[in-house]
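Colleague:
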Amino acid sequence: MFKIFGSPYSPRDGAWAFNYETPREPQTPCRDAHAAIDDHDLTSLWDGIPIDSHIVVAHTPPRNHRDTPLTRLDRPRGCEALRRALWRVRPLLAVCGHIHDGRGANIVTWDSSNSRYKESKTREWVDPGTGNNKQSLIDLTGRTGSPLDNDGSFTNGCRVYALEVDGKQGHIGKTNEGSRNETCIVNAAIMKSKYPHIGGKQYNKPIIVDVMLPVWDERDECR
Numbered sequence: 195m196f197k198i199f200g201s202p203y204s205p206r207d208g209a210w211a212f213n214y215e216t217p218r219e220p221q222t223p224c225r226d227a228h229a230a231i232d233d234h235d236l237t238s239l240w241d242g243i244p245i246d247s248h249i250v251v252a253h254t255p256p257r258n259h260r261d262t263p264l265t266r267l268d269r270p271r272g273c274e275a276l277r278r279a280l281w282r283v284r285p286l287l288a289v290c291g292h293i294h295d296g297r298g299a300n301i302v303t304w305d306s307s308n309s310r311y312k313e314s315k316t317r318e319w320v321d322p323g324t325g326n327n328k329q330s331l332i333d334l335t336g337r338t339g340s341p342l343d344n345d346g347s348f349t350n351g352c353r354v355y356a357l358e359v360d361g362k363q364g365h366i367g368k369t370n371e372g373s374r375n376e377t378c379i380v381n382a383a384i385m386k387s388k389y390p391h392i393g394g395k396q397y398n399k400p401i402i403v404d405v406m407l408p409v410w411d412e413r414d415e416c417r
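Numbering (the numbering used here), first residue to last: 195 to 417.
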């Protein structure tokens, strides 16, 4: 089964719709798995992302990924709770928008030691469509570069997890077939200009993502 999770929500920043409060959201970058920010200080909104999701679509970026505007002192505007949820789920793709200046993509390699919320490294996508008539294509299939180290597969049709009841603690279990070691985070903002769009609205090219999708095998049913 191919599964997509979508949500229109983003941290409150003005009088926009679909906002949520983040009164204790960190104001500085937080990538360290052992940083002193408790889960209970963050929103529980993203706890509902199914653990077997292949694609996560949200209006807000995750914190520290495509979330820094070129104004407002360049402070990251993304959601730390969403970043932690992506560590838990490790989907193929995480698509967002909201921060127009953040358009682009990162490929995140999750820490293989399974330290909570830790990232090993981040690679930035170079847009082949910048300043020309080419498509803004992200190729994750391996045909023109390294494939994404994430085939979305499970062990015998299932994934092995060690999670507490609230679904946020624990570690991703090792699988016998396939892996979820990387996630491509795409800020697909189509708007280039920002409100109030002085001089008229400007637009970005759409971003196209080419990715291998999992194929269900009836022999791999959970028993």
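We treat Cβ as the ideally placed atom computed from N, Cα and C, and that holds for glycine.
Mind checking Gly272: buried by the 16 CB within 10 Å criterion, or exposed?
Modeller: As a working note, residue 272 is residue 78 in the sequence shown. Its Cβ being crowded by 16 or more others within 10 Å, Gly272 is buried.
Colleague: Quick check on DSSP: helix, strand or coil for Thr369?
Modeller: Counted from its first residue, the sequence shown places residue 369 at position 175. Caution applies to Thr369, whose pLDDT of 33 falls short of 50 and renders its modelled position unreliable; the value that the coordinates give is listed next. Coil.
Colleague: So what's Asp345 in DSSP terms, helix, strand or just coil?
Modeller: Translated into the one-based positions of the sequence shown, residue 345 becomes position 151. Asp345: coil per DSSP, three-state reduction.
Colleague: For Gly336 and Leu342, I'd like the C-alpha separation in whole angstroms.
Modeller: The sequence position of residue 336 within the sequence shown is 142, counting from 1. The sequence position of residue 342 within the sequence shown is 148, counting from 1. Going from the Cα of Gly336 to the Cα of Leu342 covers about 7 angstroms.
Colleague: Where do the N-terminal and C-terminal ends of the beta strand (DSSP E) with Val302 fall, by residue?
Modeller: Within the sequence shown, numbered from 1, the residue matching residue 302 stands at position 108. 298-304 is the span of the beta strand (DSSP E), which, as asked, contains Val302.
Colleague: Using the Cβ count rule (16 or more neighbours within 10 Å means buried), how would you classify Ile198?
Modeller: Position 4 of the sequence shown, counting from 1, holds the residue named residue 198. The residue in question, Ile198, is exposed, as its Cβ has fewer than 16 Cβ neighbours within 10 Å.
Colleague: Could you tell me which residues DSSP pairs with Asp404 in its beta bridges?
Modeller: The residue given as residue 404 occupies position 210 in the sequence shown. Looking at the DSSP assignment, Asp404 forms a beta bridge with Asp333.
Colleague: Taking one C-beta from the region 381-388 and one from the region 316-328 each time, how about it: are there three or more such pairs within less than 8 angstroms?
Modeller: No contact exists between the region 381-388 and the region 316-328.
Colleague: If distances are taken between C-alpha atoms only, which option among Ala383, Leu236, Arg374 comes closest to Leu407?
Modeller: Taking the first residue of the sequence shown as 1, we reach residue 407 at position 213. Of the candidates Ala383, Leu236, Arg374, the one whose C-alpha sits nearest the C-alpha of Leu407 is Arg374.
Colleague: At 4 residues or longer, and completely inside the region 235-294: list those alpha helix (DSSP H) runs for me, N to C.
Modeller: Runs found: 274-283.
Colleague: One question on the structure: do Pro255 and Asp246 come within less than 7 angstroms of each other, judged by their Cβ atoms?
Modeller: Counting from 1 along the sequence shown, the entry for residue 255 is found at position 61. Counting from 1 along the sequence shown, the entry for residue 246 is found at position 52. It is not a contact, given that the beta carbons lie outside the stated cut-off.
Colleague: Could you tell me how far apart the beta carbons of Asn300 and Arg277 are, in whole angstroms, since I believe they sit closer than 8 angstroms?
Modeller: The count along the sequence shown starts at 1 and reaches residue 300 at position 106. The count along the sequence shown starts at 1 and reaches residue 277 at position 83. Not confirmed; about 11 angstroms, so no contact.
Colleague: Any heavy atom of the ligand GDP within a distance shorter than 6 angstroms of the CB on Met195?
Modeller: This structure lacks the ligand GDP, and indeed carries no ligand of any kind.
Colleague: Below 7 angstroms between beta carbons: does that hold for Asn344 and Glu376?
Modeller: As a first step, residue 344 must be located in the sequence shown, where it is residue number 150. As a first step, residue 376 must be located in the sequence shown, where it is residue number 182. Going by C-beta atoms, Asn344 is nearer than 7 angstroms to Glu376.
Colleague: Count the other CB atoms, across all protein chains shown, that sit within 10 Å of the CB of Asp321; report buried if there are 16 or more and exposed otherwise.
Modeller: Stepping through the sequence shown from its first residue, residue 321 is reached at position 127. Result: buried.
Colleague: Where Gly339 and Asp404 are concerned, what is the direct C-alpha to C-alpha distance, given to the nearest angstrom?
Modeller: As a first step, residue 339 is located in the sequence shown; it is residue number 145 there, counting from the start. As a first step, residue 404 is located in the sequence shown; it is residue number 210 there, counting from the start. C-alpha separation (whole angstroms): 12 angstroms.
Colleague: Between which two residues does the beta strand (DSSP E) harbouring Ser201 extend?
Modeller: Position 7 of the sequence shown, counted from the start, is the residue given in the question as residue 201. Where Ser201 is concerned, the enclosing beta strand (DSSP E) stretches over 198-201.
Colleague: Locate the beta strand (DSSP E) running through Val380, then write down its first and last residues.
Modeller: By one-based count along the sequence shown, residue 380 stands at place 186. Unbroken beta strand (DSSP E) run through Val380: 376-381.
Colleague: Select from Leu280, His292, Ile379 the residue whose C-alpha is nearest the C-alpha of Pro202.
Modeller: As a position in the sequence shown, residue 202 is number 8, starting the count at 1. Looking at the Cα atoms, His292 is the closest of the given residues.
Colleague: Let's test the definition: count the other Cβ atoms within 10 Å of the Cβ of Pro400 and tell me whether it reaches 16, buried, or not, exposed.
Modeller: Position 206 of the sequence shown, counting from 1, holds the residue named residue 400. Exposed, since its Cβ has fewer than 16 Cβ neighbours within 10 Å.
Colleague: For the beta strand (DSSP E) holding Glu318, just list the boundary residues, first then last.
Modeller: By one-based count along the sequence shown, residue 318 stands at place 124. Here the beta strand (DSSP E) through Glu318 covers 313-318.
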